[in-house]
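Asker: Count along the sequence shown from 1, add 228, and you get the number used in my numbering.
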Amino acid sequence: MSPITKLWLSTAKTKDYMDSSGFHDLLAQILSHCSSYTNPESNPELPPMHAFFQSVDNPDLLLMVTGYPSQEMNNAADDTYAATFLPRMFQFVEHKWLKQLDVDVSLLPLGNDNLTLQFCDTPVDTATGQVIGGWDVWPETEQGIRMREAGKLEELRKIWVGIGKETGVDLTLAREVFHFRKVKAA
229 MSPITKLWLS TAKTKDYMDS SGFHDLLAQI LSHCSSYTNP ESNPELPPMH
279 AFFQSVDNPD LLLMVTGYPS QEMNNAADDT YAATFLPRMF QFVEHKWLKQ
329 LDVDVSLLPL GNDNLTLQFC DTPVDTATGQ VIGGWDVWPE TEQGIRMREA
379 GKLEELRKIW VGIGKETGVD LTLAREVFHF RKVKAA
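1) Using a Cβ-Cβ cut-off of 8 Å (strictly less than) and excluding sequence neighbours within five positions of Ser270, which residues of its own chain qualify?
2) In chain order, which continuous runs of the beta strand (DSSP E) of length 3 or greater are located wholly inside the region 246 to 301?
3) Just the C-alpha distance for Asp349 and Lys386, rounded to the nearest angstrom, thanks.
4) Compute the beta-carbon to beta-carbon distance between His196 and Thr344, rounded to the nearest angstrom, for a pair I have assumed lies under 8 Å.
5) Please say whether Leu291 and Trp366 have beta carbons closer to each other than 9 Å?
6) Should Ile232 and Gln358 be called a contact, given that it needs their Cβ atoms to be closer than 9 Å?
7) Taking Tyr309 as the reference, which of Leu254, Val333 and Val389 has the closest Cα?
8) Starting from Phe318, trace the alpha helix (DSSP H) both ways and give me its first and last residue.
9) Using three-state DSSP, classify Gly379 as helix, strand or coil.
10) When the Cα atoms are used, what is the spatial distance from Pro276 to Leu338?
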């Protein structure tokens with residue numbers, strides 16, 4: 229049982245979605261739900277393990293970062309999340325992609341207001357502490373395999389995902405880069 233981090237990118241259905249109090253309430257409910265699994269005592273000393281970020285370059289993009297101590301805990305949280313929140317979430321956004329890393333989310337800079345996400349063909353040097361990352365393993369999960377077998381997921385090129393603070397990140401190896409600003413975290 230190793231910790232995992234999931235990254236879900238979605239696209240807004242309307243330009244004013246971030247202005248909606250209903251949407252912000254929904255994000256708060258989702259974060260509360262996710263935290264009920266990872267921080268049931270609401271201990272403020274623990275680092276955030278779940279957050280929403282909006283793209284700086286394209287405000288229509290919303291990134292959800294969430295992490296759990298194990299795949300099993302993620303599956304339990306995801307089952308109730310999907311049943312309870314996805315129908316309402318899909319009133320505001322459309323799914324773009326999902327990535328999963330075998331990385332402890334508590335190591336990520338989710339407490340920062342800004343975040344850089346980069347996709348690379350090879351790992352970036354994490355020894356500097358500027359970037360934390362790992363290979364996208366979602367296609368290899370049980371859910372990814374089921375979707376591929378059902379023809380709902382094409383073969384994906386192997387990708388290394390790096391996450392870092394906005395400043396001081398070396399982006400020279402990046403195939404694709406996203407810059408995000410935090411919306412909410414828990």
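Think of the CB as a built atom: it goes at the ideal place given N, C-alpha and C, for glycine as much as any other residue. The structure presented is a predicted model; accordingly, all values stated were derived computationally and were not measured.
Answerer: By the coordinates alone:
1) Ser263
2) 278 to 283 and 289 to 296
3) 7 Å
4) The requested residue 196 does not occur in the structure, where the chain is confined to residues 229 to 414.
5) no
6) no
7) Leu254
8) Leu314 to Phe320
9) coil
10) 6 Å
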